[in-house]
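Chemist: Following this message is one structure expressed as structure tokens.
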Amino acid sequence: MTRQMTGAKMVVQALKEQGVDVVFGYPGGAVLPIYDEIFQQNDIRHILVRHEQGAVHAAEGYARSTGKPGVVLVTSGPGATNAVTGLTDALMDSIPLVVLTGQVPTFMIGSDAFQEADTVGITRPCTKHNWLVKETDRLSATIHEAFHVATSGRPGPVLIDIPKDVQFASAAYQPKPKAGSRHYQPQVKGNMEMIEALVEAIETAEKPVLYTGGGVINSGPGASQLLRELAEATGIPVTSTLMGLGAYPASGRNWLGMLGMHGLYEANLAMHGCDLLINVGARFDDRITGRIDAFSPHSRKAHIDIDPSSINKVVKTDYPIVGDVGHVLEDLLKVWKARGRKANREALTKWWKQIDKWRAVDCLKFKQDGPVIRPQHAIARLEALTKGRDRYICTEVGQHQMWAAQYLGFEDPNRWMTSGGLGTMGYGFPASIGVQVAHPDALVINVAGEASWLMNMQEMGTAVQYRLPVKQFILNNERLGMVRQWQELLHGERYSHSWSESLPDFVKLAEAFGAKGIKCDDPADLDDAIMEMLDHDGPVIFDCLVEKHENCFPMIPSGEPHNKMLLGEASTKDAIGTKGAVLV
Amino acid sequence: MSALKIKKGSSKHSAYNLRPQFSDVQETHTLAVLVENEPGVLARVIGLFSGRGYNIDSLTVAEVDHQGHLSRITIVTTGTPQVIEQIKAQLGRIVPVHDVHDLTVEGRSVERELALLKVAGLGDKRVEALRLADIFRAQVVDSTLESFVFQLTGTPDKIDAFADLMRPLGLIEIARTGVAALARGT
Ligand SMILES: Cc1cc2nc3c(=O)[nH]c(=O)nc-3n(C[C@H](O)[C@H](O)[C@H](O)COP(=O)(O)OP(=O)(O)OC[C@H]3O[C@@H](n4cnc5c(N)ncnc54)[C@H](O)[C@@H]3O)c2cc1C
Ligand SMILES: Cc1ncc(C[n+]2csc(CCOP(=O)(O)OP(=O)(O)O)c2C)c(N)n1
Numbered sequence: 003m004t005r006q007m008t009g010a011k012m013v014v015q016a017l018k019e020q021g022v023d024v025v026f027g028y029p030g031g032a033v034l035p036i037y038d039e040i041f042q043q044n045d046i047r048h049i050l051v052r053h054e055q056g057a058v059h060a061a062e063g064y065a066r067s068t069g070k071p072g073v074v075l076v077t078s079g080p081g082a083t084n085a086v087t088g089l090t091d092a093l094m095d096s097i098p099l100v101v102l103t104g105q106v107p108t109f110m111i112g113s114d115a116f117q118e119a120d121t122v123g124i125t126r127p128c129t130k131h132n133w134l135v136k137e138t139d140r141l142s143a144t145i146h147e148a149f150h151v152a153t154s155g156r157p158g159p160v161l162i163d164i165p166k167d168v169q170f171a172s173a174a175y176q177p178k179p180k181a182g183s184r185h186y187q188p189q190v191k192g193n194m195e196m197i198e199a200l201v202e203a204i205e206t207a208e209k210p211v212l213y214t215g216g217g218v219i220n221s222g223p224g225a226s227q228l229l230r231e232l233a234e235a236t237g238i239p240v241t242s243t244l245m246g247l248g249a250y251p252a253s254g255r256n257w258l259g260m261l262g263m264h265g266l267y268e269a270n271l272a273m274h275g276c277d278l279l280i281n282v283g284a285r286f287d288d289r290i291t292g293r294i295d296a297f298s299p300h301s302r303k304a305h306i307d308i309d310p311s312s313i314n315k316v317v318k319t320d321y322p323i324v325g326d327v328g329h330v331l332e333d334l335l336k337v338w339k340a341r342g343r344k345a346n347r348e349a350l351t352k353w354w355k356q357i358d359k360w361r362a363v364d365c366l367k368f369k370q371d372g373p374v375i376r377p378q379h380a381i382a383r384l385e386a387l388t389k390g391r392d393r394y395i396c397t398e399v400g401q402h403q404m405w406a407a408q409y410l411g412f413e414d415p416n417r418w419m420t421s422g423g424l425g426t427m428g429y430g431f432p433a434s435i436g437v438q439v440a441h442p443d444a445l446v447i448n449v450a451g452e453a454s455w456l457m458n459m460q461e462m463g464t465a466v467q468y469r470l471p472v473k474q475f476i477l478n479n480e481r482l483g484m485v486r487q488w489q490e491l492l493h494g495e496r497y498s499h500s501w502s503e504s505l506p507d508f509v510k511l512a513e514a515f516g517a518k519g520i521k522c523d524d525p526a527d528l529d530d531a532i533m534e535m536l537d538h539d540g541p542v543i544f545d546c547l548v549e550k551h552e553n554c555f556p557m558i559p560s561g562e563p564h565n566k567m568l569l570g571e572a573s574t575k576d577a578i579g580t581k582g583a584v585l586v
Numbered sequence: 200m201s202a203l204k205i206k207k208g209s210s211k212h213s214a215y216n217l218r219p220q221f222s223d224v225q226e227t228h229t230l231a232v233l234v235e236n237e238p239g240v241l242a243r244v245i246g247l248f249s250g251r252g253y254n255i256d257s258l259t260v261a262e263v264d265h266q267g268h269l270s271r272i273t274i275v276t277t278g279t280p281q282v283i284e285q286i287k288a289q290l291g292r293i294v295p296v297h298d299v300h301d302l303t304v305e306g307r308s309v310e311r312e313l314a315l316l317k318v319a320g321l322g323d324k325r326v327e328a329l330r331l332a333d334i335f336r337a338q339v340v341d342s343t344l345e346s347f348v349f350q351l352t353g354t355p356d357k358i359d360a361f362a363d364l365m366r367p368l369g370l371i372e373i374a375r376t377g378v379a380a381l382a383r384g385t
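Those sequence lines, one after another, are chains A and B. Residue 477 in my numbering is what sits at position 475 of the first sequence, and the numbering runs on without skipping anything. Residue 276 in my numbering is what sits at position 77 of the second sequence, and the numbering runs on without skipping anything.
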């Protein structure tokens, strides 16, 4: 059944057919026909952000917390260019987005028309794919294709550029095609021979480690379930990248904590010392590997990844398995069970003993003493006071992000939204808005640094307008903390431009937007202040004044191997066997 | 992307030492890339090479299946084996790319390039140019009293060799198509 309709109506129709319930956007001349259609319907909710970058990050938060693609609608020219940072962020972190941009009419393209930009040209390297639709009768099919591309294989952002005349003209609407009719069909099943070989390796391994990543989250909650089953059944320790937190529960027996540059001592030393490294949906990022030639030097390496280009990109793999984490883990568990559920128990017991010694170093230990709140303490109290609640955490980028990753425990996937690959300051606040829109009754907290938070603070208007009770938990050190830390450690304590001299009064700022502001600078008041934030039914800016010169440890300096970790204030006296290698 | 054959049960002291490191030998490969013939597809391929720092030695593109909307891009590129593998995997990731063939590893192939060379000269040089053109089976496709335009088809090496010989004889301009290549046999 085909129906004639305008391009603008087609957009709304196609979004509905794709099950879209919310669009984050900002209007302008080149998308007015689509906005006119949005006005005349009630199925799709439109959230008016205050800056297009905010729209894209909000859609990312929505997507990461639901597993569904996020949808964005912006105008041509500046609307599209403002979306570029968000697109790049989503590409780096494999977040599925469908971004619709308006464009000048087809007959004006190339004439430097008002608010014309070569949007497909600009966004080609920061999208998974993009389209300029020049005929209305291609529009609905292209939108359906866009959703397919954004969500299949390794997910990512896609963009459709729609000239204004295409929105006005009429054509026949093409309904969503059946699955399997397209050429773009990434492989999801892993190679069985290679899976068998990996199972064999698991059976005999003496010091195996599961190194899990964002791919487990991308694969869906079923994949996290299978990962848990695999870890429990085989007894293999689990560590995760920043992007994979929550796939394996922080309360799980086999949990080692996050690995990498600011990862836990036990996680990094396990990676360094293991004999079988099983990468499940992670990409050997440089925050993980450190110096490549010294990375996990004694291990055979398995890599499960849906993107063939991830395999052997950075680290040479012995067991490459191209496929979806969920599908591969299912097959792997089947094979492992069929072969008699074998594991090298004796060796594993020894391995765990070794790990327990590393754990005993207690690398995250800190003491809250004195009159100033230490940032670790603030996060630890936030954890204690929100544990067990229906909780979603976003972060900005910097030290606070790392402390959040270290001191908060994630029990489930899709509960942790952070900008990992691009490290975009200004991501967290709009992302928290997207999460709250998707989960109106949940507790949504953005753990922020004051500098990052200011980068997209205009979104306070959005939070207030839509009554989104997002909690902005700002660890205010009045510094670009992470930059300051690098300057202290690597640039002779020359603090070049890493502080702000005129920070706003955050309480007044909240009030100016019609929200609640809370300020806390006394450890004794902290719990009450946090409770006040949690109890308030509306958006809150929490200005938590913390120690200004705190450093984030553990830290592996760039370009160093895992066993050259700086533990900072934490004790290293018990570091067995690697004492000499650990620099304090 | 095949895994190394590691002897079963040899896990005690990891096969890591047996594993060749990523090699730094530079290899030249000819890739045939079948793409959907849609606007911007060439920009995607070229953008991939420039964005990720890969080399393009030669690139040709033309529609090969009008009904199926398919174009064939032939790329000659140089890199370490790891980089060549990355290039293929990255090309495969581009949504309108249907197929990537590495003609250099997938058995023998024929490679041909066409060149037009303008050679200007008088007297002996002119005679010598014509004589060499004959040896190389280049055709004269334009001639004036002071110049020839030769058309030569062959492997890039053959064209290089011919161009080198023509240089002292008055080569003033050269246009090359870049490589077109097909696997031999069926
Ligand atoms: C200030 C700062 C400090 C940081 N420090 C650290 C740190 O200490 N530790 C740390 O871990 N990170 C850190 N990061 C984050 C880091 O930069 C990377 O973003 C992160 O490590 C990448 O995570 P990942 O490997 O899980 O890959 P992701 O970016 O999540 O990629 C997912 C991988 O899984 C694959 N995949 C996707 N879907 C599927 C599927 N369905 N099935 C199979 N495979 C799939 C993809 O192809 C990709 O290879 C830091 C970031 C910042 C900003
Ligand atoms: C958009 C952007 N610009 C610059 C940077 C570099 N950068 C990384 S962390 C950081 C400081 C962040 O300061 P703040 O948000 O206060 O967090 P803190 O580190 O103090 O916790 C900067 C400038 C970045 N990641 N993103």
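For glycine and all other residues, C-beta sits at the position ideal for the given N, C-alpha and C. Note that the structure is predicted; figures quoted are calculated from it, not measured.
1) Could you check the C-alpha separation between HIS538 (chain A) and LEU247 (chain A) for me, to the nearest Å?
2) Looking only at its chain, what residues have a beta carbon closer than 7 Å to the beta carbon of GLN474 (chain A), apart from the 5 residues adjacent to it on each side?
3) Looking at the structure shown, is TYR37 (chain A) part of a helix, part of a strand, or coil, going by DSSP?
4) Closest by CA to GLY384 (chain B), which one among B:SER342, B:LEU302 and B:ALA360?
5) My understanding is that THR77 (chain A) touches LEU161 (chain A), with C-beta atoms under 8 Å, so please give their C-beta distance in whole angstroms.
6) State whether the stretch 22-36 of chain A contacts the stretch 101-115 of chain A, with contact taken as three or more CB pairs (one from each stretch) at a distance under 8 Å.
7) Rounded to the nearest angstrom, what separates ALA340 (chain A) and GLU205 (chain A) at their Cα positions?
8) I need the DSSP call for PHE555 (chain A), collapsed to helix, strand or coil.
9) Run down chain B in chain order and give the residues with a C-beta less than 8 Å from the C-beta of SER592 (chain A).
10) Any idea what DSSP makes of ASP256 (chain B), helix, strand or coil?
11) If the cut is a Cβ gap below 9 Å, which residues of chain A does GLN281 (chain B) touch?
12) Cβ-heavy atom distance between GLY423 (chain A) and ligand 1 below 7 Å?
13) Give the residues of chain A in contact with ALA242 (chain B), contact being defined as C-beta atoms less than 8 Å apart.
14) Answer yes if the stretch 81-95 of chain A comes into contact with the stretch 491-498 of chain A, meaning at least three C-beta pairs across the two stretches below 8 Å, and no otherwise.
15) Is it the case that the CB of GLY483 (chain A) approaches a heavy atom of ligand 1 more closely than 7 Å?
16) For the stretch 295-308 of chain A against the stretch 260-268 of chain A, do three or more pairs of beta-carbon atoms, one drawn from each stretch, fall closer than 8 Å, so that the two count as touching?
17) Identify each residue in the stretch 185-196 of chain A for which the Cβ-Cβ distance to at least one residue of chain B is less than 7 Å, and report them in chain order.
18) Mapping the DSSP letters down to three states, classify ASN220 (chain A) as helix, strand or coil.
19) From the beta carbon of HIS131 (chain A), is the nearest beta carbon of chain D less than 8 Å away?
20) Mind listing the chain A neighbours of PRO355 (chain B)? Cutoff is C-beta to C-beta under 8 Å, in chain order.
21) What number of angstroms, rounded off, separates the C-alpha of MET419 (chain A) from the C-alpha of GLY217 (chain A)?
22) So is the beta-carbon of SER454 (chain A) under 7 Å away from any non-hydrogen atom of ligand 2?
23) Looking at the C-beta of VAL238 (chain B), does it have a partner C-beta in chain A at a distance below 8 Å?
24) Taking C-alpha atoms, which residue in A:GLN55, A:HIS402, A:VAL282 and A:PRO159 lies nearest to THR243 (chain A)?
25) Taking the CB atoms as reference points, tell me whether ASP256 (chain B) and THR276 (chain B) lie closer together than 8 Å.
26) Using a C-beta to C-beta distance shorter than 9 Å, which residues of chain A count as neighbours of PHE297 (chain B)?
27) How many angstroms separate the CA atom of LYS180 (chain A) from the CA atom of TRP133 (chain A)?
28) Strictly by DSSP, which residues pair up with ALA319 (chain B)?
29) Could you tell me how far apart the beta carbons of VAL232 (chain B) and ILE274 (chain B) are, in whole angstroms, since I believe they sit closer than 8 Å?
30) What residues match up with ALA261 (chain B) in a beta bridge as DSSP calls it?
31) For GLU2 (chain A), which option in A:GLY463, A:MET533, A:ASP524 and A:THR129 has the closest C-alpha, if you only look at C-alpha atoms?
32) Looking only at DSSP bridge pairs, what is GLY305 (chain A) linked to?
33) Please classify MET419 (chain A): does DSSP put it in a helix, a strand, or coil?
34) Is there a Cβ of chain B sitting closer than 8 Å to that of VAL101 (chain A), yes or no?
35) Quick one: Cα of ASP323 (chain B) to Cα of PRO367 (chain B), how far?
36) So which residues of chain B does LEU134 (chain A) contact, with C-beta pairs closer than 8 Å?
Modeler: Let's see:
1) Taking the first residue of the first sequence as 1, we reach residue 538 (chain A) at position 536. Taking the first residue of the first sequence as 1, we reach residue 247 (chain A) at position 245. Whole-angstrom Cα-Cα distance: 28 Å.
2) Counting from one through the first sequence, the residue named residue 474 (chain A) turns up at place 472. Once the five neighbours on either side are set aside, the close Cβ partners of GLN474 (chain A) are PHE431, ASN448, ALA450, TRP455, VAL542, ILE543 and PHE544.
3) Locating residue 37 (chain A) in the first sequence gives position 35, counting from the first residue. DSSP places TYR37 (chain A) in helix when its eight states are reduced to three.
4) Against the second sequence, residue 384 (chain B) aligns to sequence position 185. Nearest of B:SER342, B:LEU302 and B:ALA360 to GLY384 (chain B), Cα basis: B:LEU302.
5) By 1-based counting over the first sequence, the position of residue 77 (chain A) is 75. By 1-based counting over the first sequence, the position of residue 161 (chain A) is 159. Wrong, their Cβ atoms sit about 13 Å apart, outside the cutoff.
6) yes
7) In the first sequence, residue 340 (chain A) corresponds to position 338, counting from 1. In the first sequence, residue 205 (chain A) corresponds to position 203, counting from 1. Straight-line spacing of the CA atoms in ALA340 (chain A) and GLU205 (chain A) works out to 12 Å.
8) Counting from 1 along the first sequence, the entry for residue 555 (chain A) is found at position 553. DSSP places PHE555 (chain A) in coil when its eight states are reduced to three.
9) A query on residue 592 (chain A) cannot be resolved here, the shown segment of chain A reaching from 3 to 586 and no further.
10) Reading the second sequence from its first residue, position 57 is the one you call residue 256 (chain B). DSSP places ASP256 (chain B) in coil when its eight states are reduced to three.
11) For the purposes of this step, residue 281 (chain B) is identified with residue 82 of the second sequence, where counting begins at 1. Near GLN281 (chain B) (Cβ distances below 9 Å), the residues of chain A are ASN314, LYS315 and LYS318.
12) The residue labelled residue 423 (chain A) in the question sits at position 421 within the first sequence. GLY423 (chain A) Cβ: within cutoff of ligand 1.
13) Indexing the second sequence from 1 puts residue 242 (chain B) at position 43. Near ALA242 (chain B) (Cβ distances below 8 Å), the residues of chain A are GLY123 and ARG126.
14) no
15) One-based indexing of the first sequence puts residue 483 (chain A) at position 481. When distances are taken from the beta-carbon of GLY483 (chain A) to the heavy atoms of ligand 1, even the shortest one reaches 7 Å or more.
16) no
17) HIS185, TYR186 and MET196
18) Counting from one through the first sequence, the residue named residue 220 (chain A) turns up at place 218. DSSP places ASN220 (chain A) in helix when its eight states are reduced to three.
19) Any reference to chain D falls outside this structure, whose protein chains are A and B.
20) For this step, residue 355 (chain B) is matched to residue 156 along the second sequence. Chain A residues near PRO355 (chain B): none, gap ~28 Å exceeds 8 Å.
21) By 1-based counting over the first sequence, the position of residue 419 (chain A) is 417. By 1-based counting over the first sequence, the position of residue 217 (chain A) is 215. One alpha carbon belongs to MET419 (chain A), the other to GLY217 (chain A), and they sit about 14 Å apart.
22) In the first sequence, the residue the question calls residue 454 (chain A) occupies position 452. Indeed, a heavy atom of ligand 2 lies less than 7 Å from the Cβ.
23) Translated into positions along the second sequence, residue 238 (chain B) becomes position 39. Inspection of the sequence shows that residue 238 (chain B) is occupied by Pro rather than by Val. Taking Cβ atoms only, chain A reaches closer than 8 Å to PRO238 (chain B), which makes this a yes.
24) Residue mapping note: residue 243 (chain A) aligns to position 241 of the first sequence, counting from 1. Considering only alpha carbons, the answer is A:VAL282.
25) For the purposes of this step, residue 256 (chain B) is taken as the residue at position 57 of the second sequence. For the purposes of this step, residue 276 (chain B) is taken as the residue at position 77 of the second sequence. For ASP256 (chain B) and THR276 (chain B), yes; Cβs fall inside 8 Å.
26) Counted from its first residue, the second sequence places residue 297 (chain B) at position 98. In the sequence under discussion, the amino acid at residue 297 (chain B) is His, which differs from the Phe named in the question. Neighbours of HIS297 (chain B) on chain A, chain order: HIS185.
27) In the first sequence, the residue the question calls residue 180 (chain A) occupies position 178. In the first sequence, the residue the question calls residue 133 (chain A) occupies position 131. Rounded to whole angstroms, LYS180 (chain A) to TRP133 (chain A) spans 21 Å at the Cα level.
28) Within the second sequence, numbered from 1, the residue matching residue 319 (chain B) stands at position 120. Paired residue(s): B:SER346.
29) Within the second sequence, residue 232 (chain B) is the residue found at index 33, counting from 1. Within the second sequence, residue 274 (chain B) is the residue found at index 75, counting from 1. So it is a contact: roughly 7 Å between Cβ atoms.
30) Mapped onto the second sequence, residue 261 (chain B) falls at position 62. According to DSSP, which records beta bridges pairwise, ALA261 (chain B) is partnered with B:ARG271.
31) This structure gives no information on residue 2 (chain A), because the portion of chain A shown stretches from 3 to 586.
32) As a first step, residue 305 (chain A) is located in the first sequence; it is residue number 303 there, counting from the start. For clarity, residue 305 (chain A) is His in the given sequence; the question names Gly instead. Paired residue(s): A:ASN281 and A:PRO322.
33) Against the first sequence, residue 419 (chain A) aligns to sequence position 417. Of the three classes helix, strand and coil, the one that applies to MET419 (chain A) here is strand, per DSSP.
34) As a working note, residue 101 (chain A) is residue 99 in the first sequence. It does not: the Cβ of VAL101 (chain A) has no partner Cβ on chain B nearer than 8 Å.
35) As a working mapping, residue 323 (chain B) is identified with position 124 in the second sequence. As a working mapping, residue 367 (chain B) is identified with position 168 in the second sequence. Near 12 Å, if we compare the C-alpha coordinates of PRO367 (chain B) and ASP323 (chain B).
36) Position 132 of the first sequence, counting from 1, holds the residue named residue 134 (chain A). Within chain B, the residues near LEU134 (chain A) are PRO238 and GLY239.
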